[in-house]
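Residue numbers (the UniProt record's numbering), protein chains in the order written: chain A, 1 to 467; chain B, 1 to 467.
Virtual Cβ for every residue (Gly too), placed ideally from N, Cα, C.
Quick caveat: nothing in here was measured; it's all calculated off a predicted structure.
Here's the structure we're looking at; comments come further down.
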């Protein structure tokens with residue numbers, strides 16, 4: 001998918017060598033995990049002979065062991081094949097998506113994740129390996145993408161069949177893992193709350209992020225929509241090619257002024273993942289009949305651990321609105337978070353079906369920033385939190401072979417070489433981002449020095465997990 | 001339109017005798033006001049010969065002389081033909097609509113009306129009698145409906161041509177005066193903010209009011225929409241025939257409980273004209289992805305004069321919402337008021353065109369509760385404020401002939417007899433409402449005792465107006 005990121009990731013991989021070697025969970029890479037993607041079926045677990053499957057079945061899982069920094073998410077080995085209840089399917093996970101809520105969750109700022117230890121992860125793609133009773137619309141071997149409240153950052157996941165969606169022809173596992181959260185979020189915000197129509201204007205914050213790119217693509221499916229997108233300057237060329245009409249560098253310019261220069265009356269729709277004072281600005285930037293859709297509090301995230309000052313500031317500036325102001329302004333304020341919508345699979349499925357139709361028609365396509373091994377989840381989270389990604393951050397469950405750890409970033413990227421042709425235009429634009437990332441890599445070394453000690457903890461925890 | 005209301009109005013007309021006789025503005029009923037509706041052209045003003053038109057041109061106008069009770073709106077005579085600026089048209093007004101905002105305005109609770117003395121009135125219908133320069137799409141003789149921030153409760157109104165809409169074939173002046181505010185409000189709330197779609201559920205408060213009836217009809221244009229409507233029991237049969245699926249008597253039952261019994265998950269859309277604590281209830285009654293659209297503060301209106309306790313209570317209970325609650329609930333809160341949308345004629349025209357198409361297709365049709373002479377505006381406002389109407393309250397500019405004041409309610413109603421056939425079903429249902437109205441009439445007599453004195457003030461003010 002994103003072979004163009006290789007140099008940056010290579011650097012990551014080099015960093016990784018020191019930290020991940022001790023983490024080579026001895027029981028974590030059994031033959032199962034190497035079973036061929038499409039043929040992965042229930043009997044893959046039977047490769048070890050004569051021992052009951054329940055005992056020999058092991059799989060790697062990322063586990064949030066406590067709230068805090070990037071190192072709190074650890075790779076562990078779990079043992080025993082999970083039991084399936086009626087209506088459930090067991091999915092052999094191929095790729096997982098990272099979301100902003102996962103970053104919030106790690107800091108203890110997301111209440112939809114149960115207390116640690118717990119496996120995070122709201123979306124993944126994979127192959128159905130077993131189906132429970134009463135499951136009629138999924139069968140072993142189906143390639144699916146999965147949406148769940150949590151628990152998908154592992155090699156094997158058990159979920160209700162209704163939380164799975166068939167992957168259409170030609171969609172890679174990475175794309176499939178990149179699609180659910182970002183596209184459903186963008187779709188429901190723009191077309192349910194936003195009621196986006198031709199000739200309207202939309203302000204998209206973090207336009208180079210996963211939701212930002214999905215929202216931009218979805219805006220382009222409606223005639224003559226003008227998209228204003230904020231992103232750091234190095235990402236402007238990419239987001240412009242993706243459909244942003246007016247990119248705005250929020251780091252060097254006042255985005256409110258920039259928007260007013262071009263559209264004095266303001267915006268029809270504003271997607272606000274920031275919270276705090278940016279929500280106030282958004283509200284004031286709305287046209288009459290305008291819709292502000294707030295879907296996060298990214299401003300709360302400052303640094304890798306919970307920053308009480310940032311949290312307090314966000315609370316202090318939290319937007320609160322009186323109905324009289326709404327009436328006099330003819331405005332709408334909406335809140336959206338897919339994580340709180342898990343009881344509404346009917347709505348979600350409806351949105352997903354439309355999105356998949358758009359995908360098949362070539363109108364939307366997830367943009368992968370980079371793909372990381374499970375061992376690299378900390379670095380992946382860091383890149384995302386520091387806003388150095390353009391598009392989706394993906395984790396692959398494919399094990400990191402020894403030689404890759406030494407030389408290459410990831411196998412994933414080779415597989416995706418054939419897709420490069422579509423992406424050539426994007427390649428150059430990433431250069432700037434890569435430079436930023438290199439600077440970033442230097443920063444990364446600090447926390448990593450602690451890693452080796454932590455790896456011992458990890459092993460102990462893994463043992464506990466095995467009971 | 002509403003010949004079926006005759007008995008009730010007759011009673012009103014009887015009441016009226018005592019109070020309106022002294023109000024027979026001597027200069028208020030010149031031949032002009034009796035000019036035939038369709039033929040009313042600029043030269044109608046030329047019936048008085050040899051004296052310059054500017055001096056002889058007089059017209060009756062309702063004027064809010066100060067904030068307070070029903071008697072604060074007085075009928076005055078204005079002199080001098082208003083000048084037309086470029087882009088404006090002069091409309092000979094035939095009928096005017098009453099709106100809740102007019103009631104608020106009389107009490108000093110609506111900031112879109114300039115300070116008294118001022119002519120209220122946000123909508124009317126009539127005939128174009130003169131066009132200003134640069135007006136290309138309206139001509140003398142055009143039958144139009146008009147939407148304006150204020151100033152339409154008079155026999156002659158000057159408005160921007162862009163604020164007029166051609167009346168379609170077959171629509172009466174009363175219907176045309178009943179349509180703009182209620183239908184545009186209902187339309188924009190349901191289809192812009194509400195994004196109403198098939199199979200959804202909508203709670204409509206005051207379902208027998210002007211907006212309520214318009215909203216119900218518009219809901220029925222979408223497949224399988226379930227409408228919950230609150231109204232007093234006597235109105236249930238009428239609103240049920242109009243399209244309300246589940247009528248709820250809010251006077252004897254807890255509407256929240258009633259809604260939950262039928263739809264435990266709550267509502268997709270709630271239209272809230274009440275404000276205060278009802279807005280809180282509405283918010284809690286929303287489904288995930290639900291939209292609360294608040295468009296008034298009817299709860300503030302208690303009695304005919306400003307009730308400070310009611311206002312304070314409304315403010316105290318005023319709904320205020322934090323974004324975090326919106327996000328966790330996946331909810332939308334919108335505010336709407338057409339009075340604050342007067343800069344957005346493009347949006348309004350778009351909505352109006354769709355509504356007129358629906359009218360032509362027979363899908364929507366304003367329901368007139370009753371038509372009143374300008375002299376009767378106080379009674380009309382009272383009926384509306386006391387929630388005794390089913391549908392729209394209309395004022396007609398046709399003068400009240402002596403014999404009518406003694407015997408008949410109004411000429412208007414005779415003209416509409418031919419339309420009765422469409423309405424036969426509605427006739428019976430109004431009986432209950434009429435009974436209520438009779439009770440009401442007794443109450444009316446109290447304030448009317450003051451009237452005769454006030455009429456003298458009125459004459460004096462009329463003289464001042466003439467300068």
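What residue does the alpha helix (DSSP H) around residue 356/A start on, and which one ends it? 345 to 360
How would you list, in chain order, the residues of chain A whose beta-carbon sits under 8 Å from the beta-carbon of residue 192/B? 195 and 289
Which word fits residue 25/B, buried or exposed, when buried means at least 16 other C-beta atoms lie within 10 angstroms of its C-beta? With a pLDDT of 36 at residue 25/B, under the threshold of 50, the modelled position of this residue cannot be trusted; read the value that follows with caution. The residue is buried, with at least 16 neighbouring Cβ atoms inside 10 Å.
Tell me which same chain residues have a C-beta within less than 7 Å of the C-beta of residue 378/B, skipping the five on either side of it? 70, 71 and 73
Given residue 397/B as reference, the closest of 326/B, 390/B, 375/B and 386/B once Cα atoms are compared: 375/B
Rounded to the nearest angstrom, what separates residue 133/B and residue 160/B at their Cα positions? 11 Å
Provide the residue(s) that pair with residue 123/A in DSSP beta bridges, ordered along the chain. 147/A
With DSSP as the reference, identify every bridge partner of residue 335/A, one or two as the case may be. 294/A
By the 10 Å Cβ neighbour count, where 16 or more other Cβ atoms means buried, how is residue 198/A classified, buried or exposed? exposed
If you drop the 5 nearest sequence neighbours on each side, which residues of the same chain put their C-beta closer than 7 Å to that of residue 193/B? 291, 293, 334 and 336
Residue 46/B to residue 171/B span [Cα, whole Å]: Low confidence applies to residue 46/B: its pLDDT is 43, below 50, so where it sits in the model is not reliable, and the reading given next is rough at best. The straight-line gap from Cα to Cα measures roughly 29 Å.
Classify residue 394/A as helix, strand or coil using the three-state DSSP reduction. strand
Just to confirm my understanding: we take residue 288/A, look at its own chain, exclude 5 residues before and 5 after, and list those with CB closer than 6 Å. What are they? 330
Quick one: what's got a C-beta closer than 6 Å to residue 223/B's C-beta in the same chain, skipping five residues either side? 198
Below 8 Å on C-beta distance, what does residue 275/B contact in chain A? 323
Neighbour flag for residue 162/A against chain B, beta carbons, 8 Å: no
Nearest to residue 386/A (by Cα), restricted to the options 280/A, 232/A and 139/A: 232/A
Supposed close pair residue 318/B, residue 275/B - CB separation, criterion 8 Å: 7 Å
Per DSSP, which one or two residues make a beta bridge with residue 498/A? Outside the modelled stretch of chain A, which goes from 1 to 467, sits residue 498/A, for which no answer is possible.
Anything in chain A within Cβ reach of residue 313/B, meaning under 8 Å, just list it in chain order. Going along chain A, no residue has its Cβ under 8 Å from residue 313/B, so there is no contact; the nearest lies around 14 Å.
If we ignore side chains and look at the alpha-carbon of each, how far apart do residue 181/A and residue 123/A end up? 7 Å
Considering only the beta carbon of each residue, do residue 368/A and residue 208/A sit closer than 8 Å? no
Residue of 158/A, 90/A and 65/A minimising C-alpha distance to residue 114/A: 65/A
CB-CB under 6 Å to residue 102/A, same chain, minus the five flanking residues each way: which ones, in chain order? 120
Apart from the five residues on each side of it in sequence, which residues of its chain come closer than 6 Å, Cβ to Cβ, to residue 372/A? 380 and 395
Cβ pair residue 125/B, residue 78/B closer than 8 Å: no
Can you give the beta carbon distance from residue 245/A to residue 259/A, rounded, assuming they're within the 8 Å contact cut? No, residue 245/A and residue 259/A are not in contact; Cβ-Cβ is about 11 Å, not under 8 Å.
Listed in chain order, which residues of the segment 325 to 346 of chain A have Cβ atoms closer than 8 Å to some Cβ of chain B? 325, 326, 327, 328, 329, 330, 331, 332, 333, 334, 335, 336, 337, 340, 341, 343 and 344
Interface residues of chain A around residue 320/B at Cβ under 8 Å? 320, 321, 322 and 323
Excluding the 5 residues preceding and the 5 following residue 150/B in the sequence, name in chain order all residues of the same chain whose CB lies nearer than 6 Å to its CB. 113 and 120
Which same chain residues, not among the five before or five after residue 320/B, have their C-beta less than 8 Å away from its C-beta? none
If you measure from the beta carbon of residue 295/B to each beta carbon in chain A, is any gap under 8 Å? yes
Quick one: is residue 99/A buried, meaning 16 or more other Cβ sit within 10 Å of its Cβ, or exposed? buried
Check whether chain B comes within 8 Å of residue 221/A, counting only Cβ atoms and requiring the distance to be less than that. no
I'd like to check one pair, residue 221/B with residue 365/B: are the Cβ atoms closer than 8 Å? no
Going along the chain, which unbroken runs of the beta strand (DSSP E) with 3 or more residues stay wholly within the segment 243 to 331 of chain B? 246 to 248, 267 to 272, 286 to 294 and 320 to 322
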